[in-house]
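Only one structure is covered here, and it is reproduced in the block below.
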Amino acid sequence: MTEQGNRAAGPDADLTRWSAAELGRAIGAGEVSAEEVTRAHLDRIAAVEARVHASLHVDGEGALAAARSVDSRRAAGQAVGPLGGVPVAVKDVLVTRGIPTTCGSRILENWLPPYDATVVERLRDAGLVMLGKTNMDEFAMGSSTEYSAFGPSYNPWDLSRIPGGSGGGSAAAVAGCEAPLAIGTDTGGSIRQPGAVTGTVGAKPTYGGTSRYGLIAFSSSLDTPGPVARTVEDAALLHAVIGGPDPRDSTSIPAPVPDVVAAARQGASGDLTGVRLGLVKEFAGEGAEPGVSAAVRDAIEALTKLGAEVVEVSCPHFRYALPAYYLIAPSECSSNLARFDGVRYGLRVGDDGTRSLEEVMSLTRDRGFGPEVKRRIMLGTYALSAGYYDAYYGQAQKVRTLISRDFAAAFAAADVLVAPTTPFVAFPFGARTSDPYQMYLADLYTIPSNLYGGPAISVPCGLSEGLPVGLQVMAPTMADDRMYRVAAALESTVGLFTPPEL
Amino acid sequence: MSASTAAAARYEPVIGLEVHVELGTRTKMFCGCPTVFGAEPNTQVCPVCLGLPGSLPVANKAAIEATIRIGLALNCQIASWCRFARKNYFYPDMPKNFQISQYDEPLCTDGWLDIDVDGEVVRVGIERVHLEEDTGKTLHVGGATGRIHGATESLVDYNRAGIPLVEIVTKPVPGTGALAPVVARAYVAQLRELVRSLGVSDVRMEQGSMRCDVNTSLHRPDEPWGTRTETKNVNSLRSVERAVRAEMARQARVLAAGGTVTQETRHFHEDTGDTTSGRSKETATDYRYFPEPDLVPLAPDPQWVQTLRAGLPEPPRTRHRQLQVHWGLSDLDMQAIVNAGAVELIEATVAAGATPDAARKWWLQELSRQANEAGVELTALEVSPVSVAELQRLVDDGKLTDKLARTVLAGVVAGEGTPVEVMAARGLEVVSDEAALGAAVDAAIAANPEVAQRIRDGKVAAAGVLVGAVLRSTGGQADAKAVRELVLARLC
Chain A
88 MTEQGNRAAG PDADLTRWSA AELGRAIGAG EVSAEEVTRA HLDRIAAVEA RVHASLHVDG
148 EGALAAARSV DSRRAAGQAV GPLGGVPVAV KDVLVTRGIP TTCGSRILEN WLPPYDATVV
208 ERLRDAGLVM LGKTNMDEFA MGSSTEYSAF GPSYNPWDLS RIPGGSGGGS AAAVAGCEAP
268 LAIGTDTGGS IRQPGAVTGT VGAKPTYGGT SRYGLIAFSS SLDTPGPVAR TVEDAALLHA
328 VIGGPDPRDS TSIPAPVPDV VAAARQGASG DLTGVRLGLV KEFAGEGAEP GVSAAVRDAI
388 EALTKLGAEV VEVSCPHFRY ALPAYYLIAP SECSSNLARF DGVRYGLRVG DDGTRSLEEV
448 MSLTRDRGFG PEVKRRIMLG TYALSAGYYD AYYGQAQKVR TLISRDFAAA FAAADVLVAP
508 TTPFVAFPFG ARTSDPYQMY LADLYTIPSN LYGGPAISVP CGLSEGLPVG LQVMAPTMAD
568 DRMYRVAAAL ESTVGLFTPP EL
Chain B
11 MSASTAAAAR YEPVIGLEVH VELGTRTKMF CGCPTVFGAE PNTQVCPVCL GLPGSLPVAN
71 KAAIEATIRI GLALNCQIAS WCRFARKNYF YPDMPKNFQI SQYDEPLCTD GWLDIDVDGE
131 VVRVGIERVH LEEDTGKTLH VGGATGRIHG ATESLVDYNR AGIPLVEIVT KPVPGTGALA
191 PVVARAYVAQ LRELVRSLGV SDVRMEQGSM RCDVNTSLHR PDEPWGTRTE TKNVNSLRSV
251 ERAVRAEMAR QARVLAAGGT VTQETRHFHE DTGDTTSGRS KETATDYRYF PEPDLVPLAP
311 DPQWVQTLRA GLPEPPRTRH RQLQVHWGLS DLDMQAIVNA GAVELIEATV AAGATPDAAR
371 KWWLQELSRQ ANEAGVELTA LEVSPVSVAE LQRLVDDGKL TDKLARTVLA GVVAGEGTPV
431 EVMAARGLEV VSDEAALGAA VDAAIAANPE VAQRIRDGKV AAAGVLVGAV LRSTGGQADA
491 KAVRELVLAR LC
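Quick note, the sequences are listed as chains A and B, same order. Note that the first sequence covers residues 88 to 589 in the working numbering. Note that the second sequence covers residues 11 to 502 in the working numbering.
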């Protein structure tokens, strides 16, 4: 049914198959123009988008204008940077000046933001060409894009299956060669889980290592923008562009991002001598499909052949991560999403002169939000209510501290932790929408890093039932470089995973 | 005996005050927007203070510094670590539908302010001083009342949204009895002087840069404290006093009739001096406070706090005492000036040439009376310290009598011009023309021969009748003392 293509990234007649690093190099050397590269990707989008639905908005004209600007700068002898002229798709959770930004929700349909997110600004400053905005579960709540108000995205590996979520659009765009790079955001696994199920590389940087300014908040203390790519090096290059301190985000870490590109290149040499891989005891046998477990086991074995050692670590509080997350994230979301009331922007329902302000707000929110968003707003509103705060939100924060301590202890024994990214491969549409908990389980292995704040990456490590499996590499906060090194080493030995031709 | 005094005879009042001070920082609390008062609506806004999706707050260090200085001046402890919190409720003038405030971890706690009331010092405990962001302003158009009910349209101006706001909350103040309304006013007046002395706010109540909520409860002596009400919209010194009076009287009526006071928010009405029920606390919003995840905790460096403490200006009380000595006023006179919020007015009037006593008399007597009649604050009257000094000069020069001066002053307040202009326009100058005055005196003697005879017989006190007659015939523009001298000169 599906085929595996182990193919090195590199020049090919079809520019949409090139890696971002290779595109950037070729554009910089004048071998190909940014405009040609952009046109190739716009053509690819035109050809496959009807089947993949990775995007909510394609800005062809803006992309071509940006590409031409890079070409003219290069022609004028200016350096355009390693990713200058390389196309990128941006998750619709990041605001883009004058370009529709919906967050996958009806409530923001037709809203045109008056400003750019810091991440978007940095993409532009680095000469990347923004192709458009990618699909996502509404307000980044979901693991399949089935909660997008504008219909789901389809997994290029098997169009009857989900591409993961919430950043399924970004992952599908990259896996389907509509863009070599994409930006995602990860609150509980929204970059990594789509990466795993589409055979792409998705990295969640250290919380605070990439700016949240302009990221429409779901859960402020967890949301982290990060790169999506087809190779580890590409992810690192994009990470380096978007990372670093931002005075507009108080929670951004006032220190430069570690040299993730150098780490990725070091890892690609295939030597992991002396690197200690921590296996979380409590993750063993916890809910992963046999095929996923097998692929991950093989990947770890491959890493040991590169010189890595395996140590077992214990993280006893990880079992409380999912419940803690489903108190903290909904609590913050219930407050963050309060601003969508129809008063200032976005959808307004029922303002016919007969209804009170409260009725209009209420109707707007009722029609504007989908079921998962409403579910989480209600959960969070309840958890923060007087009399329940200590038992729910307060307790969850304590769990968060304990999980961070687990990580600290684990990182005393291991350099990185390795685990499956998600317990199951891409599932068919509808398989997990009737029981929210079944959907929440998709984030079982990704959530601990969000609660702790440390970086984590999903790198393709094999196939199960012909579908991609991701290995997750977790590192200590501000040690993003470590995970890139290990991920690149794995990539160098297992190769890339390319979906069948669409 | 006023109703509040009667209430205090049967019940003990406990009061508490929550004062909001808009800081005069150049930029807003969490963004770089300017804070100029009175700009065109929605011209001082950006994605952050409009709460646009994706925007994030960054705390203004100048506002934190100002708050710490207020806390230090109020003898508070400064937290070594504290956080902002979100206060969640839906209201259209609040762009995010939550307000960034502080909850259980305020920046400053547990201080006090000594205030002078009626020759005594009352120590008002300070529970907390915290920092938050102001909301926008809603204007309801088309309704008769200006309230949301009945309005055809509501307009929101977000210029004020995000302006740093310091909330200063007192501990409950028991034991002030019938003086409770005066104590409340004196506290706000003296707090205002204190904040002004720090240079962190213009504390103009009429512009809303200082706003006040008043908590009041009554209880029988030797019984536990009663249920309190929170009266909002108390936006002048005068209103602070009136609001406490009104609540004491109302609660006493409720209790005397065997009723119970409901814990609720009440609204003070400037026009009637009454309070009416707002929303009841039972149905009040659960604010679902939680620590603001978009901001990092505040941890003021102790060294910095020490520097701020060392840089505090002289407390207003000290300065007031120096002024009092300098001006030669009694304790009570000086307290009256402070509690009327008139220190600066009198300073300026003295600087313009009036004696301190004359300045005090004009501002605290005649002008206070006029302000009361108009129902406005003293500072809101259309009269400048320079005009008051000029008026006094006219009296000292004999061009105006006290009575005429009051009339001229009314003209100045009515916007007719400077005292000299009003005097000229209304023809109010004292008749000092000797010939004209002499003729009037002669006429009065001729018209009252019996009185004249009694004076000639040595009954000098009878001269008053003739003086009165002359004053009447000159339309009050003659100086009584001069007339009396003329009468006596002719008859004795």
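Using N, Cα and C, we set each Cβ at its ideal position, and we do this for glycine too. All of these numbers come straight from a predicted model, not from anything done at the bench.
Whole-angstrom distance between residue j and residue i, CA atom to CA atom
{"i": "Q482/A", "j": "R426/A", "result": "26 Å"}
{"i": "G365/A", "j": "A258/A", "result": "27 Å"}
{"i": "G427/B", "j": "L404/B", "result": "15 Å"}
{"i": "F514/A", "j": "F47/B", "result": "58 Å"}
{"i": "F100/B", "j": "E445/A", "result": "9 Å"}
{"i": "D158/A", "j": "G214/A", "result": "10 Å"}
{"i": "A267/B", "j": "R20/B", "result": "13 Å"}
{"i": "A100/A", "j": "A266/A", "result": "16 Å"}
{"i": "W372/B", "j": "E383/B", "result": "15 Å"}
Short CB-CB distance (under 8 Å) between residue i and chain A
{"i": "K71/B", "result": "no"}
{"i": "R96/B", "result": "yes"}
{"i": "V306/B", "result": "yes"}
{"i": "N107/B", "result": "yes"}
{"i": "D114/B", "result": "no"}
{"i": "L141/B", "result": "no"}
{"i": "L66/B", "result": "yes"}
{"i": "G61/B", "result": "yes"}
{"i": "R319/B", "result": "no"}
{"i": "D296/B", "result": "yes"}
{"i": "P310/B", "result": "no"}
{"i": "P303/B", "result": "yes"}
{"i": "F300/B", "result": "yes"}
Reduced DSSP secondary structure (H/G/I, E/B, other) of residue i
{"i": "E578/A", "result": "helix"}
{"i": "M448/A", "result": "helix"}
{"i": "S225/B", "result": "The sequence given here has Asn at residue 225/B, not Ser. Note: N225/B maps to strand in three-state DSSP."}
{"i": "L149/B", "result": "strand"}
{"i": "K491/B", "result": "helix"}
{"i": "M104/B", "result": "coil"}
{"i": "L388/B", "result": "helix"}
{"i": "S139/B", "result": "Just to set this straight, residue 139/B is Val in the shown sequence, not Ser. Strand, per DSSP."}
{"i": "H336/B", "result": "helix"}
{"i": "W244/A", "result": "coil"}
{"i": "L558/A", "result": "strand"}
{"i": "V132/B", "result": "strand"}
Minimum Cβ-Cβ distance from residue i to chain B less than 8 Å
{"i": "E588/A", "result": "no"}
{"i": "E196/A", "result": "no"}
{"i": "M448/A", "result": "yes"}
{"i": "T360/A", "result": "no"}
{"i": "E419/A", "result": "yes"}
{"i": "I303/A", "result": "yes"}
Limits of the alpha helix (DSSP H) - the one that residue i falls within
{"i": "T125/A", "result": "121 to 139"}
{"i": "K71/B", "result": "71 to 83"}
{"i": "W235/B", "result": "Where W235/B is concerned, there is no enclosing alpha helix (DSSP H), given that its DSSP letter is neither H nor E."}
{"i": "F494/A", "result": "482 to 500"}
{"i": "S551/A", "result": "S551/A -> not in any alpha helix (DSSP H); beta strand (DSSP E) instead, spanning 543 to 551."}
{"i": "D336/A", "result": "Run containing D336/A: none; DSSP gives neither H nor E here."}
Proximity test, residue i beta-carbon vs the ligand GDP heavy atom, cut-off 7 Å
{"i": "S235/A", "result": "Ligands are entirely absent from the displayed structure, and the ligand GDP is therefore not among its contents."}
N-terminal and C-terminal residue of the beta strand (DSSP E) that residue i is part of
{"i": "S306/A", "result": "Per DSSP, S306/A belongs to no beta strand (DSSP E) and is neither H nor E."}
{"i": "K220/A", "result": "216 to 221"}
{"i": "N423/A", "result": "N423/A -> not in any beta strand (DSSP E); alpha helix (DSSP H) instead, spanning 408 to 423."}
- Item | the segment 251 to 260 of chain B / the segment 303 to 313 of chain B touching (three or more Cβ pairs under 8 Å) | no
- Query: Is the segment 387 to 397 of chain B close to the segment 359 to 368 of chain B, with three or more CB pairs under 8 Å?
  - Reply: yes
- Inter-stretch contact (C-beta, 8 Å, three-pair minimum) for the segment 235 to 251 of chain B and the segment 205 to 212 of chain B: no
- Query: Does the segment 111 to 124 of chain B touch the segment 88 to 101 of chain B, meaning 3 or more C-beta pairs lie closer than 8 Å?
  - Reply: yes
- Is there contact between the segment 405 to 418 of chain A and the segment 432 to 452 of chain A, where contact requires at least three CB pairs shorter than 8 Å? no
- contact_flag[the segment 318 to 336 of chain B, the segment 314 to 321 of chain A] where n(CB pairs < 8 Å) is 3 or more: no
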